[in-house]
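So the structure is just underneath, and the comments pick up after that.
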Amino acid sequence: MSYSMDDRNGSEMEFSISGSMDAPTYRDNDGAQDGDGPQAPGMQNAMQQEDDANTNDQASTSEEGRSWIFAYKYGERYMTEQGKERIRCKVGNCTKMYSSIKKTTTTFITHLRNSHGITEFTGPHAHDKKRGGPLDSFLAKRTRTFDQNEFNQQFIKFLVSGKLPFTTSENKHLQRSLEMAQTAPTMAAIKLPNAVTFARKTTMEYHACYDRLRTVLHDLLAISCTLDCWTSPFNQAFLGVTGHWICEKT
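Using my numbering, the first residue of the sequence shown is number 19, and each one after it goes up by one.
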């Protein structure tokens with residue numbers, strides 16, 4: 019089978035393909051042959067475009083396959099109505115969404131680490147990867163079942179050791195903390211920090227509340243204050259100042 023076409027220089031080029039597996043032969047108008055010569059420009063461009071398309075498809079597929087956050091169903095990609103690509107968190111009841119410009123996952127991986135305590139090597143999927151014989155399975159730490167009586171006993175110890183009032187059990191913030199702990203992927207995610215860390219975080223929260231209160235008071239026309247003196251269970255004297263004002267919104 020043979021074809022003829024004009025090359026870019028205006029000379030006629032003959033392209034022949036034989037039935038054997040040998041390389042195709044190119045013959046110009048002078049009769050010169052070159053079994054390893056360049057391919058026709060049109061065919062070369064078509065083959066190059068096909069190779070590029072296959073490479074892009076493989077890269078897109080392999081990107082999804084390599085990323086552990088999609089392999090273990092911690093997140094899913096979706097498109098917004100505006101055509102923007104996003105990643106939605108699927109851990110527990112979390113519904114956080116993050117941008118995925120050029121298929122990047124750095125921001126979402128940071129969210130998994132900071133909010134859920136999940137990394138590529140720690141999390142529910144890490145336990146599934148572990149392999150071992152019968153002895154390893156026997157020695158592995160077994161999941162504890164919940165016992166209401168044992169839970170109450172532990173809570174009583176918590177109250178007594180901290181010299182806390184029994185009304186602590188009615189604290190709504192404590193109840194919310196327990197409800198949030200149920201969505202944790204691992205026990206390590208709900209391990210409480212030490213006293214130094216809590217003291218630092220409490221100070222930070224105090225300054226944040228202080229700034230918010232100053233913003234509210236700045237716009238008030240008038241405020242009424244009352245004083246209240248009281249003593250703590252540890253014989254510490256306090257002078258409480260309570261402010262009353264009327265909000266325009268209420």
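Note that the Cβ used here is the ideal one computed from N, Cα and C, for glycine as well.
- Around the C-beta of ILE127, 16 or more other C-beta atoms lie within 10 Å, and the residue is accordingly described as buried.
- With respect to the C-alpha of TYR116, the residue from PHE139, GLY261, TYR92 having the closest C-alpha is TYR92.
- Burial is judged here by how many other beta carbons sit within 10 angstroms of a residue's own beta carbon; SER250 has fewer than 16 and is exposed.
- Beta-bridge pairing by DSSP links MET97 to GLU103.
- DSSP places PHE256 inside the beta strand (DSSP E), whose first and last residues are 255 to 262.
- DSSP places LEU192 in the helix class (H, G or I) of the three-state scheme.
- Where THR244 is concerned, the enclosing beta strand (DSSP E) starts and stops at 242 to 249.
- If you check the CB distance, THR98 and ARG106 do not come in under 7 angstroms.
- Membership of MET115 in any alpha helix (DSSP H) is not indicated; the residue belongs instead to the beta strand (DSSP E) covering 115 to 117.
- Judged by their CB atoms, ALA206 and GLY135 are nearer to each other than the 7 angstroms cut-off.
- Here the alpha carbon of LYS267 sits roughly 36 angstroms from the alpha carbon of ALA255.
- Sequence-distant partners of VAL259 (beyond 5 residues in either direction) whose C-beta falls short of 7 angstroms from its own C-beta, in its chain, are CYS243, LEU245.
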